[in-house]
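K.L.:
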Amino acid sequence: MTARRDDALAALLEAVDAAAIDTLTCALIAEPSVNPGGTEESAVAVLADACRAAGFAVDVVEAAPGRPNLVATAPIGGTGPGLMFLGHSDVVPAGPDWSADPFVPRRDGDLIIGRGASDMKGGIAAAVAAMSALARASEFGLELSGPVQLVVTVDEEEHGAGVRHLVANPDLLHRMTGVEEFAGCIVAEPTRMEVVRGCRGASYFEIEVTGRAAHSGRPSDGVSAIDAAARVIEVIRADQVRLAAAPDPLLGFGTWNVGTIEGGQGISVVAPSCSLGVDRRLMPGEDVHEIRDRLLADIHAAGIVVDGIDVRVTPTMFLPGFATDVGHPLVSAASKAALDAPVGGWTAACDGGFISTSLGVPTVVLGPGDINTQAHQPDESVGLSELVFAAQSYVRAAVDLLTDS
């Protein structure tokens, strides 16, 4: 890095506004955007106003009624490949055991407390602050080769309606910048500011088992769907053993979880139906339809589908996994930007899977907060100092990726 570029970067880092990060994080927390149970519209309106006030070009497009995606582009950069920051505006329900109202943001020293503080309204505020600082690059004699863009989707915590709409309409990204390519995407999910270069994906399956009802006094007249469902669960367990036998060094292996079960008509009736709600975590490149077909084949091979028993397996949600090569410039830039942060993988899933697989944009996850100890917890929190560090890391990454050495 030349002395001039080094001086410019130092000035941009100094331009990161901690007070603005605090204010925007709290304003976003105060708009619940709970999923399921509400819409993200009011939170996105607050974010859109903040982005416009920062001088960004803003486009808000509904992915579903009352559920708008946001794309904001800073007025900087040339016509080369750009850098995307990705976030989501929805939060999980607050749940019990909060010590105060989860949607009234509060402070405890450095901590900002409220639902969504770490997952991921704080990360979004950090990205906005980074872009605001980068918008001043030319003041310090630094010209970026491509644009910087913030994309915030809806429905990440449930079915991914926002990111699905986004990748189905990629022209929205390009019309805001005039650029067809991205040098990379940084997802601001909470990773403790460690670089995640790959994530498992996620899928949901509904398994419907139908049997034949009969009086429980003579159960041989019927065929129990509950008994058949229990055998289906054993097939799933056997497949889990198979998957665990060949772990990937970065992401481990795909996992099954039978999360819900419901069935039967009454205690004195042979169960005519039983349904299972099943989660299957995906490795990069896995296809939900192939997984369904294999599971059905294993169920038939186990002799579960007999006269009077039918089993149907339906995928209801799919979020792809991804892995960015460890040698990609985005990975090294992100690690260096976060002061030589470690690089690894994530067993969780995020919208970055669609950006990587559907749009072909190299992707990493790098954000403030801890997904295991802060996100989705009572009294969810994130440190303001960590949000500032995140914003400064995003500035460093942008300068590294979008300027000549």
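Residue numbers (our numbering): 154 to 558. All residues carry an ideal CB built from backbone N, CA and C; glycine is no exception. Please read all numbers here as calculations on a predicted model, not as lab measurements.
1) So, residue 372 versus residue 276, is the Cβ gap smaller than 8 Å?
2) Does the stretch 354-367 touch the stretch 375-394, meaning 3 or more C-beta pairs lie closer than 8 Å?
3) State the DSSP-derived secondary structure class of residue 136, mapped to helix, strand or coil.
4) Which residues in the same chain as residue 541 place their Cβ atom closer than 7 Å to its Cβ, once the five residues preceding and following it in sequence are excluded?
5) Can you pull the DSSP bridge partners for residue 415?
6) DSSP puts residue 241 in a beta bridge; with which residues?
7) Taking a contact to mean a Cβ-Cβ separation below 8 Å, would you say residue 303 touches residue 287 in this structure?
8) Whole angstroms is fine: what's the gap from residue 161's alpha carbon to residue 482's?
9) The beta strand (DSSP E) spanning residue 443 covers which residue range?
10) Which of the three DSSP states, helix, strand or coil, is assigned to residue 468?
11) Shortest alpha-carbon distance to residue 313 belongs to which of 222, 351, 346 and 282?
12) Tell me, please, whether the stretch 411-426 touches the stretch 488-508 by the rule of three or more beta-carbon pairs shorter than 8 Å.
13) Answer with buried or exposed for residue 353, where buried requires no fewer than 16 other C-beta atoms within 10 angstroms of its C-beta.
14) Would you mind listing the alpha helix (DSSP H) stretches within the stretch 476-541 that are 4+ residues and don't spill past its ends, in chain order?
15) Where do the ends of the beta strand (DSSP E) carrying residue 261 lie?
16) Measure the C-alpha to C-alpha separation of residue 163 and residue 497 and round it to an integer number of angstroms.
17) Less than 8 Å between the CB atoms is what I'm expecting for residue 477 and residue 350, so what's the real figure, rounded?
18) Applying the 10 Å Cβ sphere with the 16-neighbour rule, what's the burial state of residue 243?
19) Beta-carbon within less than 6 Å of residue 340's beta-carbon, same chain only, minus the 5 sequence neighbours each way: which residues are those?
20) In the DSSP assignment, the beta strand (DSSP E) including residue 266 goes from what residue to what residue?
21) Helix, strand or coil for residue 458? Go by DSSP, reduced to three states.
22) Check each candidate in 460, 463, 547 and 251 and name the one with the smallest Cα separation from residue 484.
23) Where DSSP assigns a beta bridge to residue 368, which residues make up the other side?
24) Where residue 537 and residue 265 are concerned, what is the direct C-alpha to C-alpha distance, given to the nearest angstrom?
25) Would you be able to state if there are at least three C-beta pairs under 8 Å between the stretch 427-437 and the stretch 411-418?
26) Residue 320 and residue 200 look like a contact to me (Cβ under 8 Å); what is the Cβ gap, rounded to whole Å?
27) Leaving aside the five residues before and after residue 251 along the sequence, list all residues of the same chain whose C-beta is less than 7 Å from its C-beta, in chain order.
28) Looking at the secondary structure, which residues open and close the beta strand (DSSP E) in which residue 362 lies?
29) Just to confirm, is the Cβ distance from residue 596 to residue 361 under 8 Å?
30) Among residues of its own chain, excluding the 5 on either side of residue 467, which ones have a beta-carbon nearer than 6 Å to its beta-carbon?
31) Using alpha carbons as the reference points, say which of 176, 334, 388 and 386 lies closest to residue 231.
32) Could you spell out where the alpha helix (DSSP H) holding residue 397 opens and where it closes?
P.N.:
Looking at the coordinates:
1) Residue 372 places its beta carbon 8 Å or farther from that of residue 276.
2) Touching, yes, given that three or more Cβ pairs across the two stretches are closer than 8 Å.
3) The structure shown does not extend to residue 136, since the chain is modelled only from 154 through 558, so no value can be given for it.
4) Only residues of its own chain outside the window of five on either side were considered, and among them 169, 171 and 174 have a CB closer than 7 Å to the CB of residue 541, listed in chain order.
5) Answer is 428, bridged to residue 415.
6) 306.
7) Result no, Cβ atoms of residue 303 and residue 287 do not sit closer than 8 Å.
8) Straight through space, the alpha carbons of residue 482 and residue 161 are spaced by roughly 21 Å.
9) For residue 443, there is no enclosing beta strand (DSSP E); the residue is part of the alpha helix (DSSP H) that begins and ends at 441-454.
10) Residue 468: strand per DSSP, three-state reduction.
11) With distances taken between Cα atoms, residue 313 lies closest to 222.
12) Segments in contact, no.
13) Residue 353 counts as buried, since no fewer than 16 other beta carbons sit within 10 angstroms of its beta carbon.
14) Counting only runs of at least 4 residues, the stretch 476-541 fully encloses the following alpha helix (DSSP H) elements, listed from N- to C-terminal order: 482-490 and 505-510.
15) Counting along the chain, the beta strand (DSSP E) containing residue 261 begins and ends at 259-261.
16) Distance between the alpha carbons of residue 163 and residue 497 is about 28 Å.
17) With 8 Å as the limit, residue 477 and residue 350 qualify as a contact, their Cβ atoms being about 5 Å apart.
18) Buried, by the Cβ-count rule.
19) For residue 340, where only same-chain residues beyond five positions count, the Cβ hits under 6 Å are 239, 503, 505 and 518.
20) 264-266 is the span of the beta strand (DSSP E), which, as asked, contains residue 266.
21) In this structure, residue 458 counts as coil in the three-state DSSP scheme.
22) Ranking 460, 463, 547 and 251 by Cα distance to residue 484 puts 547 first.
23) DSSP lists 422 as partners of residue 368.
24) Linking residue 537 to residue 265 through their CA atoms gives a straight-line distance of about 7 Å.
25) Segments in contact, yes.
26) With a beta-carbon spacing of about 21 Å, residue 320 and residue 200 fall beyond the 8 Å limit used to define contacts.
27) Counting only Cβ-Cβ distances below 7 Å, and skipping sequence neighbours, we find 531 and 532.
28) For residue 362, the enclosing beta strand (DSSP E) covers residues 354-363.
29) Since the first residue of the chain shown is 154 and the last is 558, residue 596 is not available in this structure.
30) Contacts found: 359.
31) The candidate whose alpha carbon is nearest that of residue 231 is 334.
32) It spans 378-397 - the alpha helix (DSSP H) in which residue 397 sits, taken as one unbroken run.
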